[in-house]
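Peer 1: My structure is below; once you've seen it, I'll send some questions.
Number of protein chains: 2
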Amino acid sequence: MNRGTAGSRAQPGAPLDADTPGTVRLTVAQATALGENALRRIGYPEEEARIIVDQLVDNALCGYKFAGLPRVLAIAHDEKTRQARRPVRVVHETPASALIDGGNNVGYISVYRGAEIAIAKARATGLAAVGVYNSYYSGRNAYYAERIARAGLVAIHVASAKPRVLPLGGARPALGTNPICFGFPSAAGPVVFDMGTASLMWGEVMLFAHIGRELPEGTGYDEQGRPTRDARAVLRGGVVPFGGHKGYGLSFAIQALGLLAGAALARGQVQDYGFLFVAVDPDILVPGGVFPRQMAELVERVKATPRQPGVAEIRIPSERAFRERERRRKEGIVLDRKVVESLEAL
Amino acid sequence: MNRGTAGSRAQPGAPLDADTPGTVRLTVAQATALGENALRRIGYPEEEARIIVDQLVDNALCGYKFAGLPRVLAIAHDEKTRQARRPVRVVHETPASALIDGGNNVGYISVYRGAEIAIAKARATGLAAVGVYNSYYSGRNAYYAERIARAGLVAIHVASAKPRVLPLGGARPALGTNPICFGFPSAAGPVVFDMGTASLMWGEVMLFAHIGRELPEGTGYDEQGRPTRDARAVLRGGVVPFGGHKGYGLSFAIQALGLLAGAALARGQVQDYGFLFVAVDPDILVPGGVFPRQMAELVERVKATPRQPGVAEIRIPSERAFRERERRRKEGIVLDRKVVESLEAL
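Chains S and D are the protein sequences, given in the same order.
Residue numbering for the first sequence follows our numbering, beginning at 1 and increasing consecutively.
Residue numbering for the second sequence follows our numbering, beginning at 347 and increasing consecutively.
Okay, here's the thing in structure tokens:
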């Protein structure tokens, strides 16, 4: 999930979300209670509901509207939710690694467990690799990388998925949308960079199909492998990687890293979901706790770069999202009344 | 260093390099002796000459002409070669990590040492992180990642550098060309993906300046921060990241990972050279030696993707380079006679 670093922004001082008719403004506490109660009513234990909603509210605070509480409705109506689930469990481990069977639980839970185990192991040994398989949608990768960075560790996190993306020259999808994410502790607060390797997020394709809007030229292909801007046709086909052969190569590498996370163990397929964390205590490489200060200095120096005419600010990855989060914590989260009513009706 | 996965190719069967007037065709053994002898004459000990030339010949075999033996001339004439050098040494380590002072040696040597230490530590502990600082040009990252993959390990390798790349909205460089590279062991031979995060390799800018060719529109800026296609002006300015905000974010993340490799320890600057390896024994995550087989299956499946009309083959990262290497091992390496004469005159 990635909104970029140069997207459009609200005017300084103006509320980030307008109170238009048909919307409801909730405090963080109200939004959290709404989400947790809905999840408990569809069978999620209290702790799992807390874990899922903590991310969804954070996504909403950071400005990722469709990754917020509406996802509870998606979870409720996903057929996987009705399939058998087993508790998340470690199936293989060493002092510095763990392989985790997600038990067909939604990634919000299993990948959260993976991040927690990566933090614990990296704190104990200095360096950890953790893989999670037999799971699916994990939401916003920056959420996990930020948790790891706030624990004082450097995070690399990738997620492979089932085929949605065409390889270069291909007429059918062979790779997932395969995001990559980095998290860094810094004396001035964590820095996180998160990107997908597809030209569009799959959620965008679904949204465009839902509202009947055309996709950007050259991004989508139908199930016959023909280029099309019709998002509904692309849902049965796929999208191209971002950035030509570089995006294709990155996507391929992330699919391979997904195998390291156990992707092929879920259904015997090498093109499947796999979530990998590498967490590093910076002190094992540059001792004396200097990394967070150096990181803050890097941020400061990049921000101080002389600017092109008309550019107000050089922005650092995650800066916009974290600023918006601070504001929305005070201003509240605006939700469509229909979403609130649907959640209350679960 | 990256030539992409969809570049132009020689006709099947035709020699990869034409024997045009002014060129010399050498066997691998002849090219190796030529390079090693030249390096020994400018003061490199036998083992260092062997390490440097092993990569340069491999680069030439894989089709990266300017990354081959001509680099010996660049090393000979680089002012850093005349500056004091100290032996490469480990300055801090744990069972799973090492921080290496490159002693102002060229990266061909210090980063090679880093890769060797990463292999040894990952074999011993399952997982290793190694950083190299106080060094510079290390050549082709895929060379190191392939060595790690041939040792049965998964490799992640990034290299930060001094500022050549403008951040989004910036008028001056603040980031290095910052490549990222992945290596995977596979039952059908290693797979390596290597890319720069700049819109152009710095070597391309130097080459274009040398031959007086214009840079692609929108890639370069002069020292005043004004867009220009004049490569000589861009040598005093910088280039933009590839792929907009995604390339910028990746470049930023790699600059930060360079800090983890000790970049700021060389000259007290956070924007400097740092070479980081993470090496993982796949068995610590997916035990039983299954990873290389799964990897070969992933390659096979992606290659078997139905193709767009007119596309002869779906290519996998590193496939073209490794195929060319096999052919050039038989056909030999073609060098400009002037390069050969200059090497012999060192």
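Beta carbons are placed, not taken as given, at the ideal position from N, Cα and C, and that holds for glycine.
Just so you know, these numbers come straight off a predicted model, no measurement behind them.
Compare the C-beta of Pro185/S with all C-beta atoms of chain D and state if any pair is closer than 8 Å.
Peer 2: Indexing the first sequence from 1 puts residue 185/S at position 185. Judged by the 8 Å Cβ criterion, Pro185/S is not in contact with chain D.
Peer 1: Residues in its own chain within less than 7 Å of Asn105/S by CB, not counting five upstream and five downstream?
Peer 2: Along the first sequence, one-based indexing puts residue 105/S at 105. Arg85, Val88, Ser135.
Peer 1: Does the CB of Gln630/D have a neighbour CB from chain S at under 8 Å?
Peer 2: As a first step, residue 630/D must be located in the second sequence, where it is residue number 284. Gln is not the amino acid found at residue 630/D; the sequence shown has Ile there. Closer than 8 Å: yes.
Peer 1: Report yes or no: do the segment 170-179 of chain S and the segment 230-241 of chain S share at least 3 C-beta pairs separated by less than 8 Å?
Peer 2: They touch, by the three-pair rule.
Peer 1: Quick one, which residues of the segment 137-171 of chain S are near chain D if we go by CB-CB under 8 Å, in chain order?
Peer 2: When C-beta distances to chain D are compared with 8 Å, the residues of the segment 137-171 of chain S below that value are Val154, Ile156, Leu166, Pro167, Leu168, Gly169, Gly170, Ala171, in chain order.
Peer 1: Return the CA-CA distance between Lys338/S and Glu344/S, expressed in angstroms with no decimal places.
Peer 2: As a position in the first sequence, residue 338/S is number 338, starting the count at 1. As a position in the first sequence, residue 344/S is number 344, starting the count at 1. Between Lys338/S and Glu344/S, the C-alpha separation is close to 10 Å.
Peer 1: Measuring alpha carbon to alpha carbon, tell me which residue in Leu298/S, Val270/S, Glu300/S is nearest Val636/D.
Peer 2: Here residue 636/D is taken as the residue at index 290 of the second sequence, counted from 1. Checked all of Leu298/S, Val270/S, Glu300/S; the closest Cα to Val636/D is Val270/S.
Peer 1: Find out if the Cβ-Cβ distance for the pair Gln30/S, Tyr108/S is shorter than 8 Å.
Peer 2: Taking the first sequence and counting its residues from 1, one reaches residue 30/S at position 30. Taking the first sequence and counting its residues from 1, one reaches residue 108/S at position 108. It is not a contact, given that the beta carbons lie outside the stated cut-off.
Peer 1: Could you give the DSSP three-state label for Asp222/S: helix, strand or coil?
Peer 2: Start at 1 with the first residue of the first sequence, and residue 222/S comes out as number 222. In this structure, Asp222/S counts as coil in the three-state DSSP scheme.
Peer 1: One question on the structure: do Val205/S and Val234/S come within less than 8 Å of each other, judged by their Cβ atoms?
Peer 2: Residue 205/S sits at position 205 when you count from the first residue of the first sequence. Residue 234/S sits at position 234 when you count from the first residue of the first sequence. Against a cut-off of 8 Å, the Cβ pair of Val234/S and Val205/S comes out as a contact.
Peer 1: Return the chain-ordered list of same chain residues with a C-beta closer than 7 Å to the C-beta of Ile502/D, the five sequence neighbours on each side being excluded.
Peer 2: Residue 502/D sits at position 156 when you count from the first residue of the second sequence. Excluding sequence neighbours, Ile502/D sits near Phe528, Val624.
Peer 1: Just mark Ser48/S as buried or exposed, buried being the case when its beta carbon has 16 or more other beta carbons within 10 Å.
Peer 2: The residue given as residue 48/S occupies position 48 in the first sequence. What sits at residue 48/S in the sequence shown is Glu, not Ser. So Glu48/S counts as buried.
Peer 1: Give me the Cα-Cα distance between Arg387/D and Thr427/D, rounded to the nearest whole angstrom.
Peer 2: Residue mapping note: residue 387/D aligns to position 41 of the second sequence, counting from 1. Residue mapping note: residue 427/D aligns to position 81 of the second sequence, counting from 1. Cα-Cα distance, rounded: 13 Å.
Peer 1: Mind pulling the beta strand (DSSP E) runs of 3 or more residues that sit fully within the segment 525-563 of chain D?
Peer 2: 526-530, 537-541
Peer 1: Name the DSSP bridge partner or partners of His245/S?
Peer 2: If you number the first sequence from 1, residue 245/S lands on position 245. Note: His245/S sits in no beta bridge, so no partner.
Peer 1: Residues of chain D with a CB under 8 Å from the CB of Met201/S: which are they?
Peer 2: In the first sequence, residue 201/S corresponds to position 201, counting from 1. Simply none; closest approach about 12 Å.
Peer 1: In the DSSP output, which residue or residues are listed as bridge partners for Glu93/S?
Peer 2: Translated into the one-based positions of the first sequence, residue 93/S becomes position 93. For Glu93/S, which the question treats as bridged, DSSP gives the partners Ala98/S.
Peer 1: Exposed or buried, which one is Asp19/S when buried takes at least 16 other CB atoms within 10 Å?
Peer 2: Residue 19/S sits at position 19 when you count from the first residue of the first sequence. Exposed: under 16 other Cβ atoms inside 10 Å.
Peer 1: With 8 Å set as the bound, which would you pick, yes or no: does the beta-carbon of Phe637/D sit closer than that to a beta-carbon of chain S?
Peer 2: In the second sequence, the residue the question calls residue 637/D occupies position 291. Yes, Phe637/D lies at the interface with chain S (some Cβ there is under 8 Å from its Cβ).
Peer 1: Over the uninterrupted alpha helix (DSSP H) stretch that includes Asp400/D, give me the two end residues.
Peer 2: To locate residue 400/D, count along the second sequence from 1; it is residue 54. Looking at the DSSP string, the run of the alpha helix (DSSP H) that includes Asp400/D is 392-407.
Peer 1: At which residues does the beta strand (DSSP E) containing Phe275/S begin and terminate?
Peer 2: One-based indexing of the first sequence puts residue 275/S at position 275. Unbroken beta strand (DSSP E) run through Phe275/S: 274-280.
Peer 1: Output, in sequence order along the chain, the residues in the segment 195-228 of chain S whose CB is closer than 7 Å to any CB in chain D.
Peer 2: Taking 7 Å as the cut-off between beta carbons, the residues of the segment 195-228 of chain S near chain D are Met195, Gly225, in sequence order.
Peer 1: To the nearest angstrom, report how far apart Leu207/S and Arg213/S are at their CA atoms.
Peer 2: Translated into the one-based positions of the first sequence, residue 207/S becomes position 207. Translated into the one-based positions of the first sequence, residue 213/S becomes position 213. Cα-Cα distance, rounded: 8 Å.
Peer 1: Quick one, are the C-beta atoms of Gly477/D and Leu499/D less than 8 Å apart?
Peer 2: Taking the first residue of the second sequence as 1, we reach residue 477/D at position 131. Taking the first residue of the second sequence as 1, we reach residue 499/D at position 153. Contact: no.
Peer 1: When you compare only the Cα positions, how much space is there between Tyr390/D and Asn487/D?
Peer 2: Position 44 of the second sequence, counted from the first residue, corresponds to residue 390/D. Position 141 of the second sequence, counted from the first residue, corresponds to residue 487/D. Cα to Cα, the separation comes out at about 22 Å.
Peer 1: Thinking just about the alpha-carbon of each residue, which of Arg320/S, Lys121/S, Phe66/S is nearest to the one in Ala151/S?
Peer 2: Counted from its first residue, the first sequence places residue 151/S at position 151. When only C-alpha atoms are compared, the closest one is Lys121/S.
Peer 1: Which chain D residues are close to Glu297/S, counting only those with a beta carbon under 7 Å from its beta carbon?
Peer 2: By 1-based counting over the first sequence, the position of residue 297/S is 297. The answer, in chain order, is Val616.
Peer 1: Which residues does DSSP list as the beta-bridge partners of Pro227/S?
Peer 2: Counted from its first residue, the first sequence places residue 227/S at position 227. Looking at the DSSP assignment, Pro227/S forms a beta bridge with Tyr221/S.
Peer 1: Take Ser664/D and list the residues in its own chain whose beta-carbon comes closer than 7 Å to its own, dropping the five residues that flank it on each side.
Peer 2: By one-based count along the second sequence, residue 664/D stands at place 318. Closer than 7 Å at the Cβ level, and outside the excluded window around Ser664/D, lie Ala488, Val537, Val538, Phe539.
Peer 1: Decide yes or no for the touch test of the segment 600-620 of chain D against the segment 295-308 of chain S: beta carbon pairs closer than 8 Å, at least 3 of them.
Peer 2: yes
Peer 1: Note down, in chain order, each residue of its chain lying with its Cβ closer than 7 Å to the Cβ of Asp682/D, except the 5 sequence neighbours on either side.
Peer 2: For the purposes of this step, residue 682/D is identified with residue 336 of the second sequence, where counting begins at 1. Here the set comprises Gly368, Thr369.
Peer 1: Name the one or two DSSP bridge partners that Ser160/S has.
Peer 2: The residue given as residue 160/S occupies position 160 in the first sequence. Gly274/S.
Peer 1: At the level of alpha carbons, what is the spacing between Asn2/S and Ala14/S?
Peer 2: Counting from one through the first sequence, the residue named residue 2/S turns up at place 2. Counting from one through the first sequence, the residue named residue 14/S turns up at place 14. Low local confidence applies: a pLDDT of 41 at Asn2/S is under 50, so the model's placement there is unreliable, with the coordinate-based value given in what follows. Per the coordinates, the alpha-carbon of Asn2/S lies some 23 Å from the alpha-carbon of Ala14/S.
Peer 1: I'd like to know if Arg469/D contacts chain S, where contact means its C-beta is closer than 8 Å to some C-beta of that chain.
Peer 2: Position 123 of the second sequence, counting from 1, holds the residue named residue 469/D. Not closer than 8 Å to any Cβ of chain S, the Cβ of Arg469/D fails to qualify, so no.
Peer 1: In this structure, does DSSP put Tyr133/S in helix, strand or coil?
Peer 2: Locating residue 133/S in the first sequence gives position 133, counting from the first residue. In the structure shown, Tyr133/S falls within a strand segment according to DSSP collapsed to helix, strand and coil.
Peer 1: Among Ser456/D, Glu569/D, Leu546/D, Pro573/D, which one has its Cα closest to the Cα of Ile398/D?
Peer 2: Walking along the second sequence from the start, residue 398/D turns up at place 52. Of Ser456/D, Glu569/D, Leu546/D, Pro573/D, the residue nearest in Cα terms is Ser456/D.
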